[in-house]
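Protein chains: 2
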Amino acid sequence: MAKQPTIYDVAKLAGVSPATVSRVLNSPSMVNPEKRKRIMEAIESLKFTPKADAVAKARQQFKRIGVIAPFFTEPSFMERLKGISSVLSSQHYELVVYAVQSTEELDGYVDMLVSSKRVDGLISLCMHLDQTTVNKLQSSDLPVCCVEKDLTGFDAVIVHNQEGGAMAAKALYEKGCHNPGFIGEASTRSYAAHSTEERLEGFSNFFKEKGIELEPSHYWLGENNNEISTQGILKMLDSPNRPDCIFASSDTLAIRTIKCAGQLGLTVPDDLAVIGFDDIEMAEYVDLTTINQGLEESGVLAAEMMLQRLKHPDQPVRKSLIALKLSERGSTAVQT
Amino acid sequence: MAKQPTIYDVAKLAGVSPATVSRVLNSPSMVNPEKRKRIMEAIESLKFTPKADAVAKARQQFKRIGVIAPFFTEPSFMERLKGISSVLSSQHYELVVYAVQSTEELDGYVDMLVSSKRVDGLISLCMHLDQTTVNKLQSSDLPVCCVEKDLTGFDAVIVHNQEGGAMAAKALYEKGCHNPGFIGEASTRSYAAHSTEERLEGFSNFFKEKGIELEPSHYWLGENNNEISTQGILKMLDSPNRPDCIFASSDTLAIRTIKCAGQLGLTVPDDLAVIGFDDIEMAEYVDLTTINQGLEESGVLAAEMMLQRLKHPDQPVRKSLIALKLSERGSTAVQT
DNA sequence: TCTCCTCCTGAAACTGCTTTCATGTAACTA
DNA sequence: TAGTTACATGAAAGCAGTTTCAGGAGGAGA
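Going line by line, the protein sequences match chains A and B.
Okay, so the first sequence: first residue is 148 according to this note's numbering, each after it adds one.
Okay, so the second sequence: first residue is 148 according to this note's numbering, each after it adds one.
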């Protein structure tokens, strides 16, 4: 296991100073062509590659972006991450994932990132940060970009959840559904952004304007866990007064709803129309109508904003709005 | 934006040397209690936190594990990643994700990781590495742990794909299916490990032993892409001589198969039994029988092996075998 | 009282590259 | 020919800690 060559070894071999070798690597035009050639040969023969962390240290830059997320709970995170990853890797930035599973962990990560700098910037995916944490971030010089949850003073990619709820309502209403139901994940984890309530608001407001109130037994907010939510859904659907359509706040819940409907002998979309939110890949496989929120695109956007911010630290804060659109599929097909 | 304090500032304030401050942080028992108290106060008052990258540099250790994967193509990667992440974060290791989308990118990452050390170890998820790359890794001192694809000289988490294929075959055979079909992703991406062929082998061998040969029109190997695979599946199923069961090499393909069956008016499991491979979370939602390969567990295992390896670099190479098991659900329920 | 030992502590080396600053040289201009 | 300019280059500082090594102080035992 021979020790890896350093820039000093190259310099010695080529008979120049390390500074000149560094220049050959970073701004070759500054170095005399002959000497440059000699240095290049030395680099080749020693198979020298600059150690990335040494470069980072000297340059005070890491080429590394952190992503903090209440992770691994929903496929939607994965798709956002995919977008982020594609942009970062094309710019030779590394992606470090901080999966948050508790408020303490979140605080720990933020403290660590703020004080013991390891990343150039932080993308916060669907996190709900409390004021103390926000203050910490704001008084640090760590660039932050939020996705889904807007935060004063930081770049953000915003999803207009109310509008999405209204879109779902409109689609169902126009299909002839007038007895709506709602299934959503309750905000149990305080560190995660919760869009459920906003989506419900948009949804129920639309129907209210049409003179239709959501019946109390027609919405369910609970844990996004297979057994618990299945019970809740079955209870809502297994009643003579069941809704004729369901808007679920995520595609996973929507898919579970379809499954429950099947168990009860209800056919989708005839007995029950179902509409989800997210448009994860799986939605297409199971023929689910859903609100597309450009998951991958939002990741791309966030990463691009972050890289822009790093280039121009002083440019004004930017907010990007994601355009929602309805992906119509079988679960809301015209009733036969 | 005041400059962050360094260990030197603390040392000056406390009237000691930086070495002593470092000792207070890392092995407090070595320092005289009085002096220790004084230093602690200095640390408090300056709000000093050691910069992680400086520590890493001095210690020659990064507390950072890289994961290289043909990523974001299958939910199964996500679940493995979840397992890896949970172990690493509990040990305060960072997780850096390198998503590979082409052979060149793979080579680039490997070169970079080998020469310009940025991680303590590398977990290779379902990657197929060519011999040149393997050699590079072997002659470096970077610890590597492979998942799914075994590699001589490295720790590995191994999935016995043939056995899984045979398990699927056995389950279907015992349900009374004697006209099997197979749907699998073809090995188009040379940088990704391809287990499809092994699963097919185990599957068809089982039936062969029972005197049943897979008909040529009853297996399809193609791109795991919605349209292309849907066409292939429809073609296979829309024929009087269609199979009475399908083993799909991944759950996503299995779910698509169920969808196609529905389109053709076939009911699952009565007209067509379907069994998948992976047992991703979604499998439960859509009631798919599948071969569970402990995805999250395999991630946990890989991460643990890696941390062990870092502690004991010279221990012999270890191979862990994942126990497969059948997750029986609705798509192979007893025929009524 | 001398020697040995233990416990602390600071100096200095080490990690590996970038970048500024100062200097030297050669070419060009007045 | 002297002065100016442009270009090329090396020395050295800086990044921020850890760790080894040597030595001083003080206590215990002979």
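Note that the Cβ used here is the ideal one computed from N, Cα and C, for glycine as well.
Note that the structure is a prediction, hence the values are computed from the model and not measured.
Would DSSP call residue i helix, strand or coil?
i: asparagine 373/A; result: helix
i: asparagine 439/A; result: strand
i: methionine 148/A; result: Here the model assigns methionine 148/A a pLDDT of 39, short of 50, so the residue's position is not dependable and the matter cannot be decided.
i: serine 169/A; result: helix
i: arginine 403/B; result: helix
i: arginine 211/A; result: strand
i: isoleucine 380/B; result: helix
i: valine 163/B; result: coil
i: leucine 193/B; result: helix
i: aspartate 398/A; result: helix
i: aspartate 200/B; result: helix
i: phenylalanine 301/A; result: coil
i: valine 415/B; result: coil
i: glycine 423/B; result: strand
i: isoleucine 393/B; result: strand
i: valine 447/B; result: helix
i: leucine 368/B; result: strand
i: valine 481/A; result: coil
i: valine 178/A; result: coil
i: valine 433/B; result: coil
If we define contact as Cβ-Cβ less than 8 Å, is residue i a contact residue for chain B?
i: proline 197/A; result: yes
i: lysine 283/A; result: no
i: methionine 148/A; result: Low per-residue confidence applies at methionine 148/A: pLDDT is 39, beneath 50, and the placement is therefore not dependable, though the value from the model is reported in the following sentence. Yes, because at least one Cβ of chain B sits closer than 8 Å to the Cβ of methionine 148/A.
i: methionine 225/A; result: yes
i: threonine 343/A; result: no
i: serine 263/A; result: yes
i: valine 243/A; result: yes
i: aspartate 200/A; result: yes
i: threonine 399/A; result: yes
i: lysine 204/A; result: yes
i: methionine 187/A; result: no
i: methionine 453/A; result: no
i: lysine 406/A; result: yes
i: serine 169/A; result: no
i: proline 218/A; result: Residue identity differs from the one stated: residue 218/A is phenylalanine in this sequence, not proline. Yes, because at least one Cβ of chain B sits closer than 8 Å to the Cβ of phenylalanine 218/A.
For chain A, is any of its Cβ atoms less than 8 Å away from the one on residue i?
i: serine 174/B; result: no
i: alanine 246/B; result: yes
i: serine 474/B; result: no
i: aspartate 425/B; result: no
i: threonine 250/B; result: no
i: aspartate 461/B; result: no
i: isoleucine 402/B; result: yes
i: proline 222/B; result: yes
i: glutamate 374/B; result: no
i: tyrosine 432/B; result: yes
i: methionine 383/B; result: no
i: methionine 274/B; result: no
i: serine 236/B; result: yes
i: serine 478/B; result: no
i: methionine 429/B; result: yes
i: serine 232/B; result: yes
What distance in whole Å lies between the Cβ atoms of residue j and residue i, which are believed to be in contact at a cut-off of 8 Å?
i: isoleucine 438/B; j: alanine 333/B; result: Incorrect: roughly 20 Å between the Cβ atoms, too far for contact.
i: lysine 198/A; j: serine 397/B; result: That belief does not hold up - the Cβ atoms of lysine 198/A and serine 397/B are roughly 39 Å apart, past 8 Å.
i: proline 387/B; j: leucine 361/B; result: Rounded, the Cβ-Cβ distance is 18 Å, inconsistent with contact.
i: asparagine 371/A; j: threonine 404/A; result: With 8 Å as the limit, asparagine 371/A and threonine 404/A do not qualify as a contact, their Cβ atoms being about 12 Å apart.
i: glutamate 475/B; j: glutamate 226/B; result: Actually they are not in contact, since the Cβ atoms of glutamate 475/B and glutamate 226/B sit about 20 Å apart, beyond 8 Å.
i: glutamate 310/A; j: leucine 471/A; result: 6 Å
Is it the case that the stretch 154-168 of chain B contacts the stretch 182-193 of chain B, given that we only count it when at least three CB pairs across the two stretches are under 8 Å?
yes
At what residue ranges does the stretch 312-342 of chain B contain a whole run of the beta strand (DSSP E), taking only runs of 3 or more?
327-332
Would the stretch 421-436 of chain B count as touching the stretch 391-404 of chain B if we require 3 or more Cβ pairs under 8 Å?
yes
Answer yes if the stretch 404-414 of chain B comes into contact with the stretch 372-388 of chain A, meaning at least three C-beta pairs across the two stretches below 8 Å, and no otherwise.
Contact check between the stretch 372-388 of chain A and the stretch 404-414 of chain B: fewer than three CB pairs, one atom from each, fall below 8 Å, which does not count as touching.
As an exercise, report each continuous alpha helix (DSSP H) stretch of at least 4 residues that is fully enclosed by the stretch 222-292 of chain B, in chain order.
222-237, 250-262 and 278-286
Using a Cβ distance threshold of 8 Å, determine whether the stretch 254-270 of chain B contacts the stretch 286-302 of chain B, with at least three qualifying pairs required.
Between the stretch 254-270 of chain B and the stretch 286-302 of chain B, the count of C-beta pairs closer than 8 Å reaches three or more; the two stretches touch.
Could you tell me which uninterrupted alpha helix (DSSP H) segments, each at least 4 residues in length, are contained entirely in the stretch 453-479 of chain B, listed from first to last along the chain?
none
Quick test of the definition: if touching needs 3 or more C-beta pairs under 8 Å, does the stretch 274-288 of chain A touch the stretch 332-348 of chain A?
Here the stretch 274-288 of chain A lies against the stretch 332-348 of chain A, with 3 or more beta-carbon pairs under 8 Å apart.
Contact the stretch 232-249 of chain A vs the stretch 441-452 of chain A: 3+ CB pairs below 8 Å
yes
Decide yes or no for the touch test of the stretch 198-212 of chain B against the stretch 425-436 of chain B: beta carbon pairs closer than 8 Å, at least 3 of them.
no
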